[in-house]
Amino acid sequence: MSTDPLDRPWRLWASVAILSVFVFSVLFGFVLLPIIQGRGAGLDAFESICRALGLRPGSPAAPQPASEAKAQPTTRVAWSAELMQALDRPSAIGAQLAAACTACHGKDGRSVDPKLYPDLAGQSAVALYKQLNDFKSGSRLSAVMAPLAQPLSEEQIVAVSAHFAAFPVRSLPPAQMPAPSEAIERLVARGDPTRAIAACNACHGEQSGGPPEAPRLTHQGAQYLSAQLRAFKSGERRNDIYSRMRNVAAVLSDSEIEGLAGFYSTTFTY
Amino acid sequence: MTHARRLALAHFWIGFIAFAIALVLGVWQMWVRSPLPAPFLTASTYFSSVTAHGTAMAYVLTTFTVMGFGYYVAETALARALPAPRWAWTGFWLALAGTLMAVVTIFSGRAAVLFTFYPPLIASVFYYIGLVLVVAGSWIWCVLMIVAMGQWKGANPGRPVPLAMFATVANAVMWLWTTVGVTLELLFQVIPAALGLKAQIDVGLSRTLFSWTLHAVVYFWLIPSYIAFYTMVPQAAGGRLYSDTMGRLTFVLFLIYSLPVGLHHLLMDPHQSNAFKFLQVALTALVSVPTLLTVFTIGASLEIAGRLRGGRGLFGWIGALPWERPLVLATGLAFLMLAFGGFGGLVNMSYGMNAMVHNTSWVTAHFHLIFGGTVVIMYFAIAYTLWPSLTGRAAPSLAAQRLQLWLWFIGMLVMTLPWHYLGLLGQWRRVATFNYADPIIAAWGPWVIVSLVGGLILLVSGLLFVRNLLQFAIGRASHVPAEVYATAVHPPLRVPAALNGFRLWNVLVLVLMLLAYGYPLAQFFIIDPPGALVHRVDQRR
Amino acid sequence: MAIGEEAIVRSELRWAAVSIGVVSLIMLALIYAGIVHHINPPSNIEPIDPKTLHLSGEFTEANLGTRVSAEGQVTSRIVATQFTFQPRCIVLPANQRVTLRFATPDVIHGILVTGTNVNTMIVPGYVSQVHTVFTRTGELLMPCHEYCGLGHSEMFATLRVVPASEFKPDAQGRVSCDAR
């Protein structure tokens with residue numbers, strides 16, 4: 000260490016300055032302000048200091064509202080980090096269970112009738128997991144799927160979802176792709192701020208960062224997609240968490256629903 | 000040409016190329032936000048562009064300019080060859096490789112997370128690794144600066160380190176402290192998530208770690224401007240530096256007070272307590288002290304210059320200053336913009352008023368005014384001042400340089416004054432499109448268009464800047480570069496060790512960081528809050 | 000140079016004192032606002048799991064919106080999610096103390112209410128809370144002001160502030176936009 004006598008006052012005064020700022024802040028920010036503010040809200044000094052320090056929830060200057068909660072969830076799916084990692088791993092059980100699905104969803108997850116049944120091949124495992132779970136719990140109603148989903152255990156749902164997600168998506172002959180209208184492309188890529196519609200791609204795109212359970216829409220049958228959009232619009236289908244899809248579908252026109260379904264059924268790009 | 004000079008040129012050019020690209024993107028973004036129809040617009044292109052603009056301006060332009068300027072100062076102020084130039088070039092290539100990696104990732108649409116990251120949104124890992132490489136390159140620079148000063152002190156025992164180098168090392172030391180926050184966030188939270196090793200993130204912790212970096216990083220960008228104010232401007236104006244000691248004190252104050260203040264970026268966040276917000280706001284208020292000291296000292300230095308040139312009376316010296324010199328002109332314009340921007344900053348830091356402006360265009364206006372109006376305009380002036388010595392040629396036209404600086408000033412005001420106003424009206428940030436069908440928002444439209452005009456003026460100015468530098472190629476050869484560093488009125492013969500090194504100040508930074516950030520970070524390990532699921536923007540799950 | 004070193008040091012010290020004075024004034028103004036107007040930043044360290052937010056507790060879908068408690072306390076619970084608010088329209092009474100509580104199941108959001116001081120970040124893992132009094136009636140915009148993904152620009156809600164006479168809770172104490 001330096002023994003320069005010129006240095007001693009610097010060390011002393013720099014430390015004094017910093018400590019006095021700290022003492023001032025603690026005195027006012029940690030103690031005096033909370034006590035004075037808490038008094039106005041009818042809180043005792045201890046409670047308001049705890050709130051100011053973040054040891055208890057709530058503001059030191061206002062009473063905390065009571066919560067009278069009623070649980071009526073739209074879906075019973077509980078997300079967790081472990082679940083997300085499990086869904087990334089296909090397993091042998093999944094292949095066995097998948098045999099029960101082939102009659103409609105086809106071998107390798109390619110639907111035998113895309114008008115009625117969605118393709119499962121290449122679909123997001125999280126999306127498949129969510130829908131199977133919802134069929135099982137009754138959050139999504141289906142006379143066909145409910146009895147199939149009900150006997151499945153949590154592990155089996157995870158396994159079958161991961162199984163189908165691993166297949167490559169169906170390839171479409173290029174001839175099937177008519178040019179989409181500009182208005183539909185705009186909804187897909189830009190959204191519509193006048194109606195608070197986010198771009199479809201903000202959730203359903205390949206590079207979206209949206210909700211993990213948002214399904215991939217490309218390569219699905221147009222009739223299946225439009226039927227789902229109409230069901231969201233009418234409220235017949237309501238297993239979307241916090242109305243994310245119902246809020247959008249409610250303000251789509253019928254022709255937009257047809258246009259969007261057509262767009263996604265024939266595109267590779269998104 | 001020496002290594003230091005070639006290094007300086009290489010760094011400046013990378014920074015300025017990134018700057019020019021970012022300007023174009025910035026103007027396009029303003030066009031998109033205005034009521035006028037804009038091309039190429041999708042949600043993905045817009046937010047990728049915002050990410051590229053922020054990354055290029057905040058990480059590339061600044062880091063490269065600071066490094067290039069530092070190498071120049073280390074050689075010229077110390078009058079010694081740069082130690083270990085091979086390491087310096089390694090740092091350059093690392094940072095350049097990182098820049099290219101990040102840029103390619105952004106333009107492939109895999110990193111629309113903006114330059115401030117926002118986990119649990121997670122981009123492609125290459126974006127983050129690219130940025131880590133840029134920072135790693137700058138760490139090499141920091142070490143080289145510290146070593147250069149240490150070697151000089153060894154060869155000149157007892158003599159005060161030249162102020163320009165003292166300040167450069169202050170910045171290097173501060174930058175090492177500053178990058179700890181973001182590095183911890185990237186290495187322990189974001190990059191593991193991007194690699195798929197972690198499926199959830201403690202968002203409160205990541206925001207707090209980023210806030211550690213978020214304020215001090217601004218001073219890292221700003222310190223070259225302050226070095227120019229203290230060590231170059233008095234010389235360019237034909238005067239002396241009023242006080243060398245005050246200069247040292249200013250840089251020391253920046254080092255200790257720019258770090259423990261980051262929570263003022265989280266004033267509206269739920270996960271930090273009132274008490275620690277108050278503590279850091281008090282420390283934030285103190286950050287204005289070094290700037291106030293600078294305004295006084297540089298004002299006094301300029302007054303000396305003005306009076307030496309025959310200025311009389313209370314304000315007569317101002318008119319007598321050599322405003323035709325770009326560095327003096329830039330300083331005058333920067334002080335004006337600093338006054339506006341500094342006022343805006345005081346509003347932001349007081350939490351009552353912050354609630355009115357947080358995440359509105361007011362804040363965007365504030366940091367563009369500080370960044371463009373104090374940081375970048377002085378980068379221009381520094382480049383104009385150093386270019387004759389770096390290229391061995393004189394500027395073909397000072398008028399073109401002055402025009403460029405004036406355009407920048409006018410553009411900044413035309414762009415940011417409407418933003419301040421719109422922010423007070425409640426116009427919010429980070430959106431591509433507004434619903435101009437809403438009558439409240441429709442009334443904002445004309446002001447948004449005015450700010451777009453300001454952006455266009457800035458673009459013209461920026462391109463003129465690049466042209467002015469290229470024009471040096473046709474300038475006449477001038478072999479004796481003028482002395483750029485000012486001497487003080489009373490050059491110090493001896494200074495206390497406290498003002499000739501950073502040992503004491505590092506200890507105090509550590510103490511302050513423990514007091515200000517210790518519990519705010521530790522609380523996350525105590526309450527162990529639930530994590531948020533990773534949301535990848537680069538690929539599907 | 001005519002200026003002595005002593006004179007320079009004295010002038011610098013005087014200016015330093017002025018600078019410290021300015022800083023002290025700023026802090027005094029903050030303390031004054033804290034004592035007289037009870038100004039506080041919206042801190043609220045109240046952890047909540049974003050992954051199961053929708054399953055139980057106060058932020059389930061059926062429990063959202065404005066509700067008046069038996070004691071007459073008005074609280075509105077709002078979820079911010081990619082890329083919508085639920086509910087998208089919120090009714091609140093004018094000139095009465097109200098509490099807004101926010102949570103998110105996914106990423107970082109934030110809100111402001113145009114023309115007011117209502118402003119908070121909404122961070123996954125925590126309940127955000129703002130106490131306020133709306134003094135003007137009418138429809139106010141409540142946009143998401145923090146980048147939350149590609150649909151951020153289209154994420155906004157409406158806040159309808161009505162006179163106390165038009166604020167009529169139903170039997171459960173709930174008030175919603177559709178009911179009017």
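Protein chains in written order, with numbering that gives the first Met the number 0: chain D, 0 to 269; chain A, 0 to 540; chain F, 0 to 179.
Where is the CB? At the ideal position from N, CA and C, for every residue including glycine.
Just so you know, these numbers come straight off a predicted model, no measurement behind them.
Do residue 220 of chain D and residue 113 of chain D come within 8 Å of each other at the CB atom, strictly closer than that value? Translated into positions along the first sequence, residue 113 of chain D becomes position 114. Translated into positions along the first sequence, residue 220 of chain D becomes position 221. Closer than 8 Å, so yes.
Along the chain, where does the beta strand (DSSP E) that runs through residue 99 of chain F open and close? Within the third sequence, numbered from 1, the residue matching residue 99 of chain F stands at position 100. For residue 99 of chain F, the enclosing beta strand (DSSP E) stretches over residues 96–102.
Length of the line joining the Cα atoms of residue 0 of chain F and residue 8 of chain F: In the third sequence, residue 0 of chain F corresponds to position 1, counting from 1. In the third sequence, residue 8 of chain F corresponds to position 9, counting from 1. Its pLDDT being 48, under 50, residue 0 of chain F is placed unreliably by the model, and nothing is read from it.
If contacts are defined as beta-carbon pairs under 8 Å, then residue 197 of chain D and residue 154 of chain F qualify, I think. What distance do you get, rounded to the angstrom? For this step, residue 197 of chain D is matched to residue 198 along the first sequence. For this step, residue 154 of chain F is matched to residue 155 along the third sequence. By a beta-carbon distance limit of 8 Å, residue 197 of chain D contacts residue 154 of chain F. Their separation comes to about 7 Å.
Write down every uninterrupted run of the alpha helix (DSSP H) in the region 37–99 of chain A whose length is 4 residues or greater and which is fully enclosed by it, in chain order. Considered as a whole, the region 37–99 of chain A harbours 42–53, 61–77 as its complete alpha helix (DSSP H) runs of no fewer than 4 residues, in chain order.
Residue 457 of chain A beta carbon near the ligand GTP (any heavy atom closer than 7 Å): Annotation note on the ligand GTP: not contained in the displayed structure, which lists no ligands.
Residue-chain proximity (residue 202 of chain D, chain F), Cβ-Cβ < 8 Å: On the first sequence, position 203 is the one that residue 202 of chain D refers to. Closer than 8 Å: yes.
Runs of alpha helix (DSSP H) wholly within the region 191–263 of chain D (minimum 4 residues, chain order): Segments of the alpha helix (DSSP H) lying fully in the region 191–263 of chain D: 200–203, 221–233, 243–248.
Hey, does residue 85 of chain F have any beta-carbon neighbour from chain D nearer than 8 Å? One-based indexing of the third sequence puts residue 85 of chain F at position 86. Yes, because at least one Cβ of chain D sits closer than 8 Å to the Cβ of residue 85 of chain F.
Just grab the DSSP bridge partners of residue 84 of chain F for me. Translated into positions along the third sequence, residue 84 of chain F becomes position 85. For residue 84 of chain F, which the question treats as bridged, DSSP gives the partners F/79.
For residue 365 of chain A: DSSP bridge partner residues: To locate residue 365 of chain A, count along the second sequence from 1; it is residue 366. For residue 365 of chain A, which the question treats as bridged, DSSP gives no partner whatsoever.
Between the region 227–252 of chain D and chain E, which residues of the former have a C-beta closer than 7 Å to a C-beta of the latter? Although the question refers to chain E, the structure presented lacks it and instead comprises the protein chains D, A and F.
CB contact check: residue 18 of chain F to chain D, cutoff 8 Å: In the third sequence, counting from the first residue as 1, residue 18 of chain F sits at position 19. Judged by the 8 Å Cβ criterion, residue 18 of chain F is not in contact with chain D.
Strictly under 8 Å for the Cβ-Cβ distance: is residue 27 of chain D near chain F by that measure? As a working note, residue 27 of chain D is residue 28 in the first sequence. In terms of beta-carbon proximity, residue 27 of chain D lines the interface with chain F, with at least one pair separated by less than 8 Å.
Can you name the start and end residues of the beta strand (DSSP E) that residue 141 of chain F belongs to? For the purposes of this step, residue 141 of chain F is taken as the residue at position 142 of the third sequence. Going by DSSP, residue 141 of chain F is part of the beta strand (DSSP E) stretching over 137–142.
Exposed or buried, which one is residue 12 of chain D when buried takes at least 16 other CB atoms within 10 Å? As a working note, residue 12 of chain D is residue 13 in the first sequence. Burial is judged here by how many other beta carbons sit within 10 angstroms of a residue's own beta carbon; residue 12 of chain D has fewer than 16 and is exposed.
Based on Cα-Cα distance, which residue from D/194, D/116, D/77, D/106 lies nearest to residue 264 of chain D? Position 265 of the first sequence, counted from the first residue, corresponds to residue 264 of chain D. Nearest C-alpha to residue 264 of chain D among D/194, D/116, D/77, D/106: D/116.
Taking Cβ-Cβ distances below 7 Å as the criterion, which residues of the region 156–168 of chain F are in contact with chain A? If you check each beta-carbon in the region 156–168 of chain F against every beta-carbon of chain A, none falls closer than 7 Å.
Within its chain, find whatever has a CB closer than 6 Å to the CB of residue 59 of chain A; leave out the 5 residues flanking it on each side and keep chain order. Counting from one through the second sequence, the residue named residue 59 of chain A turns up at place 60. Residues of the same chain with a CB within less than 6 Å of the CB of residue 59 of chain A, apart from the 5 flanking positions on each side, are 17, 98 in chain order.
Where residue 309 of chain A and residue 302 of chain A are concerned, what is the direct C-alpha to C-alpha distance, given to the nearest angstrom? One-based indexing of the second sequence puts residue 309 of chain A at position 310. One-based indexing of the second sequence puts residue 302 of chain A at position 303. About 11 Å.
What do you get for residue 50 of chain D, buried or exposed, if any count of 16 or more other CB atoms within 10 angstroms of its CB means buried? By 1-based counting over the first sequence, the position of residue 50 of chain D is 51. Under this definition residue 50 of chain D is a buried residue.
DSSP puts residue 99 of chain D in a beta bridge; with which residues? If you number the first sequence from 1, residue 99 of chain D lands on position 100. Looking at the DSSP assignment, residue 99 of chain D forms no beta bridge with any residue, so it has no partner.
Based on the DSSP secondary-structure assignment, which residues constitute the bridge partners of residue 111 of chain F? Position 112 of the third sequence holds residue 111 of chain F. Paired residues: F/118.
Is the region 525–535 of chain A touching the region 45–63 of chain F, taking contact as three or more C-beta pairs under 8 Å? The region 525–535 of chain A, when compared against the region 45–63 of chain F, does touch it at the 8 Å Cβ threshold.
According to DSSP, which residues form a beta bridge with residue 427 of chain A? For the purposes of this step, residue 427 of chain A is taken as residue 428 along the second sequence, with counting starting at 1. DSSP lists A/359 as partners of residue 427 of chain A.
If we cut at 8 Å on Cβ distances, does residue 36 of chain D have a partner in chain F? On the first sequence, position 37 is the one that residue 36 of chain D refers to. Yes, its Cβ sits closer than 8 Å to a Cβ of chain F.
To be precise: take each residue of the region 59–74 of chain F, compare its Cβ to all Cβ atoms of chain D, and keep it if any distance is under 7 Å. Which residues remain? Residues are counted here when their Cβ sits less than 7 Å from a Cβ of chain D; for the region 59–74 of chain F these are 59, 60, 61, 62, 68, 72, 74, given in chain order.
Enumerate, from N- to C-terminal direction, the unbroken alpha helix (DSSP H) stretches of 4 or more residues contained entirely within the region 142–202 of chain A. Those alpha helix (DSSP H) runs which fall completely within the region 142–202 of chain A and span 4+ residues are 162–184, 190–193.
By Cβ distance below 6 Å, which residues in the same chain neighbour residue 1 of chain D in space, the five residues on each side in sequence not counted? One-based indexing of the first sequence puts residue 1 of chain D at position 2. Confidence at residue 1 of chain D is low in this model, with a pLDDT of 47, below 50, so the placement of that residue should be treated as unreliable; the coordinate-derived value is given next. Hits under 6 Å: none found.
Does chain D have any CB closer than 8 Å to the CB of residue 105 of chain F? On the third sequence, residue 105 of chain F is found 106 positions in, with the first residue counted as 1. Chain D contact via Cβ: present.
Which one of F/140, F/123, F/22 has the shortest CA to CA distance from residue 81 of chain F? Position 82 of the third sequence, counting from 1, holds the residue named residue 81 of chain F. Residue 81 of chain F has its Cα closest to that of F/123, out of F/140, F/123, F/22.
Please give me, in chain order, every unbroken run of the alpha helix (DSSP H) with length at least 4 that falls completely inside the region 39–93 of chain D. With a minimum length of 4 residues, the continuous alpha helix (DSSP H) runs that stay inside the region 39–93 of chain D are 44–52, 80–85.
CB contact check: residue 443 of chain A to chain F, cutoff 8 Å: Here residue 443 of chain A refers to the residue found at position 444 when the second sequence is read from its first residue. No, residue 443 of chain A lies away from the interface with chain F (no Cβ there is under 8 Å from its Cβ).
Given a cut-off of 8 Å on the beta-carbon distance, is the pair residue 244 of chain A and residue 445 of chain A in contact? Counting from one through the second sequence, the residue named residue 244 of chain A turns up at place 245. Counting from one through the second sequence, the residue named residue 445 of chain A turns up at place 446. The answer is no: Cβ separation not under 8 Å.
Can you give the Cα-Cα distance for residue 91 of chain F and residue 68 of chain F, rounded to whole angstroms? Along the third sequence, one-based indexing puts residue 91 of chain F at 92. Along the third sequence, one-based indexing puts residue 68 of chain F at 69. Distance between the alpha carbons of residue 91 of chain F and residue 68 of chain F is about 14 Å.
Compile a chain-ordered list of the residues in the region 185–199 of chain A whose CB is closer than 8 Å to at least one CB of chain F. Answer in chain order: 199.
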